[in-house]
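Data first, discussion second: the structure below is written as structure tokens.
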Amino acid sequence: MLELRRVPIDHPDARQLINGLFAFYGEVYGGEGDATPVDVAEFSPPRGAFYVGYLDGEPVACGGWRARDHDPADPQVRDGDAEIKRMYVAPGHRGRGFARAVLTALEESAAAAGRTRAILETGSPQTAAIRLYEAAGYTRIPGFGRYRRSPLSRCFAKLLVGARTSVSAEVPRSGAG
Numbered sequence: 043m044l045e046l047r048r049v050p051i052d053h054p055d056a057r058q059l060i061n062g063l064f065a066f067y068g069e070v071y072g073g074e075g076d077a078t079p080v081d082v083a084e085f086s087p088p089r090g091a092f093y094v095g096y097l098d099g100e101p102v103a104c105g106g107w108r109a110r111d112h113d114p115a116d117p118q119v120r121d122g123d124a125e126i127k128r129m130y131v132a133p134g135h136r137g138r139g140f141a142r143a144v145l146t147a148l149e150e151s152a153a154a155a156g157r158t159r160a161i162l163e164t165g166s167p168q169t170a171a172i173r174l175y176e177a178a179g180y181t182r183i184p185g186f187g188r189y190r191r192s193p194l195s196r197c198f199a200k201l202l203v204g205a206r207t208s209v210s211a212e213v214p215r216s217g218a219g
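Just so we're aligned: the sequence shown equals residues 43 to 219 in this note's numbering.
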């Protein structure tokens with residue numbers, strides 16, 4: 043079973059997974075990872091959350107959300123948005139439903155905090171991530187944030203209305219996705 047724990051984004055296990063994510067980005071895109079500025083406080087309740095998924099005590103998956111509200115300079119962002127960031131599953135643990143479990147926890151946490159829509163950005167080379175988001179009910183939207191003019195960026199949104207207000211603590215080890 044994957045055990046999801048809410049931790050600070052600067053927790054050592056979160057940092058370990060985020061470093062893995064940045065290494066993955068370096069392989070896919072070149073460079074050193076995602077240059078989007080992130081403030082630790084943005085991922086703290088009540089305006090954010092960060093989760094690490096543990097399998098037999100080992101950190102294997104992560105993701106977070108931060109509150110975003112309308113900004114005249116960024117018209118795709120609406121009041122009540124929760125931006126999903128730093129979604130990652132370690133390579134040896136992919137294809138077991140862990141990313142879906144983290145995404146579900148993020149959506150439920152954001153909805154419980156009063157957020158009404160989840161938004162996210164990924165890159166066109168990340169086809170597995172795009173399939174995950176589409177299967178989870180996300181639809182394409184025009185670009186937002188620092189990547190809104192990037193030809194590789196793919197932005198998505200999903201309304202959180204009706205999302206459950208509790209966060210699942212465990213998912214089956216053999217889950218699909």
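Cβ atoms here follow ideal geometry from the backbone N, Cα and C, with glycine treated the same way. Computed from a predicted model, the values in this text were never measured in an experiment.
Identity of the residues DSSP links to residue i by a beta bridge
{"i": "THR181", "result": "ALA199"}
{"i": "VAL94", "result": "ARG47 and CYS104"}
{"i": "ASP123", "result": "ARG110 and ARG159"}
{"i": "GLY165", "result": "SER195"}
{"i": "ASP116", "result": "ASP113"}
{"i": "VAL131", "result": "ALA103"}
Per-residue burial, residue i [other beta carbons within 10 Å of its own, 16 or more giving buried]
{"i": "ALA115", "result": "exposed"}
{"i": "ARG196", "result": "buried"}
{"i": "ALA83", "result": "exposed"}
{"i": "PRO214", "result": "Low per-residue confidence applies at PRO214: pLDDT is 33, beneath 50, and the placement is therefore not dependable, though the value from the model is reported in the following sentence. It counts as exposed."}
{"i": "LEU44", "result": "buried"}
{"i": "GLY68", "result": "exposed"}
{"i": "GLY134", "result": "exposed"}
{"i": "ASP121", "result": "exposed"}
{"i": "GLY139", "result": "buried"}
{"i": "ARG191", "result": "exposed"}
{"i": "ARG128", "result": "buried"}
Closest residue to residue i among the options (Cα-Cα distance)
{"i": "GLY90", "options": "PHE186, GLU150 and TYR71", "result": "GLU150"}
{"i": "ASP222", "options": "TYR67, PRO79, GLU100 and VAL70", "result": "Any answer about residue 222 is impossible in this case: the structure gives the chain only from 43 up to 219."}
{"i": "PRO87", "options": "PHE66, TYR189 and LEU148", "result": "LEU148"}
{"i": "ALA132", "options": "PRO50, HIS53, ASP52 and LEU63", "result": "LEU63"}
{"i": "ARG108", "options": "VAL144, GLY73, ARG191 and ILE161", "result": "ILE161"}
{"i": "GLY165", "options": "GLY185, ALA177 and GLN58", "result": "GLY185"}
{"i": "GLY126", "options": "ASP113, VAL144, GLN118 and GLY139", "result": "Note that residue 126 is Ile in the sequence shown here, rather than Gly. The candidate whose alpha carbon is nearest that of ILE126 is VAL144."}
{"i": "GLY187", "options": "ALA178, ASP111 and GLY156", "result": "ASP111"}
{"i": "THR267", "options": "ASP52, GLY156, THR146 and VAL70", "result": "Absent from the structure is residue 267, since the part of the chain shown begins at 43 and ends at 219."}
{"i": "LYS200", "options": "ARG159, ARG191, ARG190 and LEU194", "result": "ARG159"}
{"i": "ALA177", "options": "ARG142, ALA154 and TYR130", "result": "ARG142"}
Cβ-Cβ separation, residue j to residue i (assumed contact under 8 Å), whole Å
{"i": "TYR93", "j": "VAL102", "result": "Contact doesn't hold; Cβ gap of about 12 Å is too wide."}
{"i": "GLY106", "j": "PHE85", "result": "5 Å"}
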